[in-house]
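Colleague: Chains as they are written, first to last, in this note's numbering: chain A, 1 to 167; chain B, 1001 to 1167.
For reference, the structure I am asking about is given below.
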DNA sequence: GCCACTGTTCAATTTTGTTTGAACAAATCA
DNA sequence: TGATTTGTTCAAACAAAATTGAACAGTGGC
């Protein structure tokens, strides 16, 4: 294997390690696995695109992790495939526009929960109307209505978010 | 023990279980432990305030969990203490204004991460300026600058969030 | 002062979620 | 066609995080 054409397969240098660790912390806040942060972080400070086994070799993670991590990053729109050197590997580059990253996260991780929440509350509201005791029924309806306004407000936020982040 | 004065210590009825499960799912999205969702959820559909051992008995969780969960909910401003019956227990009620809940979450869980992120990036930027290779240094500075704008944009969002949620 | 009650702490346990690695599929090459 | 390379899948191993429960501290009643 030739370093000039195959890239650098040593362990990370100290600066790279620090940057990766920033991303590892960052994705933990978002509730994503550490490997996602490692992979995205390394792509983020790498000038050239990297292949799956670049990631395996440089981060010291398994092929399985790298494969699953890249799949999730692709679904989030956080990495894109590029055609790399003359070989038949797939190479990856990070998407670095915050707007795009936030958009992917909202689409994949936030919206589905809001939708399913809205649905569950509708079911609950129907159930609550079968309650005998009128005082209890009234109370439950008030609370469930409030829950609904929470979801509505949250939904209103998302476009605003995307607008602000797109700058 | 008298049910009329001490409250209902049976297991949850189906509707209560469903509501609690909505909150359990909700807090998981936010990266908080399930017990937080259980406790807040039960308070949310309970007409009267509840004591620590009401929570223990009705949710079937340990005293330790209930105590730690209430501590976190207090720090988030998601519950408030009220003086209950004639006994010397502390009773709790949920805060149900989305504005307040979001504010607490942002203050306790979001801002600290943004701050520490900003700090780490400053450290990194200093390190990057020691890099010999000018091309590499330039690239790193560009990327770190971008990271900084991410944090800045994210910070700008928080007040907007609070404004929209406060309606 | 002693007992009963309420709530906290934290080491041990349990649960949940992530990573690994071996088996496999698909694609390319010779 | 068979050998090689690239990447995926998923059950098992592992790691991280939450929960338990027993010991403890504080408080009030008697």
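The beta carbon of each residue, even a glycine, is placed where N, CA and C say it ideally should be.
Small disclaimer: the values here were computed from a predicted structure and weren't measured.
Starting from the C-beta of residue 1102(B), find all residues in its chain whose C-beta is less than 7 angstroms away, skip the five residues before and the five after it, and write them out in chain order.
Modeller: Excluding sequence neighbours, residue 1102(B) sits near 1161, 1162 and 1165.
Colleague: According to DSSP, is residue 148(A) part of a helix, a strand, or is it coil?
Modeller: DSSP places residue 148(A) in helix when its eight states are reduced to three.
Colleague: What residues from chain B crowd round residue 47(A), counting only those whose CB sits closer than 7 angstroms?
Modeller: Those within 7 angstroms of residue 47(A) in chain B are 1139.
Colleague: Tell me the rounded alpha-carbon separation between residue 1023(B) and residue 1072(B).
Modeller: Whole-angstrom Cα-Cα distance: 15 angstroms.
Colleague: Taking Cβ-Cβ distances below 7 angstroms as the criterion, which residues of the stretch 147-166 of chain A are in contact with chain B?
Modeller: Within the stretch 147-166 of chain A, the qualifying residues are 150, 153, 156, 157, 160, 161, 164 and 165.
Colleague: For the candidate residues 1109(B), 1157(B) and 1134(B), whose alpha-carbon lies nearest to that of residue 30(A)?
Modeller: Residue 1109(B) is the option with its Cα nearest to residue 30(A).
Colleague: I'd like the list of long-range same chain contacts for residue 1091(B), defined as Cβ closer than 6 angstroms, with 5 residues on each side in sequence excluded.
Modeller: Around residue 1091(B): 1049, 1051, 1082 and 1084.
Colleague: How would you write the range of the beta strand (DSSP E) that residue 1090(B) sits in, first residue to last?
Modeller: Looking at the DSSP string, the run of the beta strand (DSSP E) that includes residue 1090(B) is 1090-1094.
Colleague: Based on the DSSP secondary-structure assignment, which residues constitute the bridge partners of residue 50(A)?
Modeller: Beta-bridge pairing links residue 50(A) to 92(A).
Colleague: Could you check the C-alpha separation between residue 1094(B) and residue 41(A) for me, to the nearest Å?
Modeller: Residue 1094(B) and residue 41(A): Cα-Cα distance of roughly 40 angstroms.
Colleague: For residue 1083(B), list the residues DSSP reports as bridge partners.
Modeller: Its beta-bridge partners are 1090(B).
Colleague: Using a beta-carbon distance cut-off of less than 8 angstroms, what residues from the stretch 1121-1134 of chain B approach chain A?
Modeller: The residues in question are 1121, 1123, 1124, 1127, 1128 and 1131.
Colleague: Below 8 angstroms, how does it come out for the stretch 1055-1067 of chain B and the stretch 1011-1027 of chain B: are there three or more Cβ pairs, yes or no?
Modeller: Yes, they touch.
Colleague: State the start and end residues of the unbroken alpha helix (DSSP H) segment that holds residue 1016(B).
Modeller: Taken as a continuous stretch (DSSP letters only), the alpha helix (DSSP H) holding residue 1016(B) covers 1014-1029.
Colleague: Looking at chain A, which residues of the stretch 1082-1115 of chain B have a Cβ within less than 7 angstroms of any of its Cβ atoms?
Modeller: Answer set for the stretch 1082-1115 of chain B: 1096, 1098 and 1113.
Colleague: Name the two residues that bound the continuous alpha helix (DSSP H) containing residue 1032(B).
Modeller: Here residue 1032(B) belongs to no alpha helix (DSSP H), and DSSP marks it neither H nor E.
Colleague: Answer yes or no: do residue 143(A) and residue 1044(B) have a C-beta to C-beta separation smaller than 8 angstroms?
Modeller: Cβ distance < 8 angstroms, so residue 143(A) and residue 1044(B) count as in contact.
Colleague: Who are the neighbours of residue 1015(B) on chain A, taking C-beta pairs under 8 angstroms?
Modeller: The contacting residues are 124, 127, 128, 131 and 140.
Colleague: Would you kindly work out how many angstroms separate the C-alpha atoms of residue 1122(B) and residue 25(A), rounded to a whole number?
Modeller: Taking the straight line joining both Cα atoms gives about 16 angstroms.
Colleague: Tell me which residue opens and which closes the alpha helix (DSSP H) that residue 1131(B) is part of.
Modeller: Careful: residue 1131(B) lies outside any alpha helix (DSSP H) and carries neither H nor E.
Colleague: Give me the Cα-Cα distance between residue 1130(B) and residue 107(A), rounded to the nearest whole angstrom.
Modeller: One C-alpha to the other measures close to 40 angstroms.
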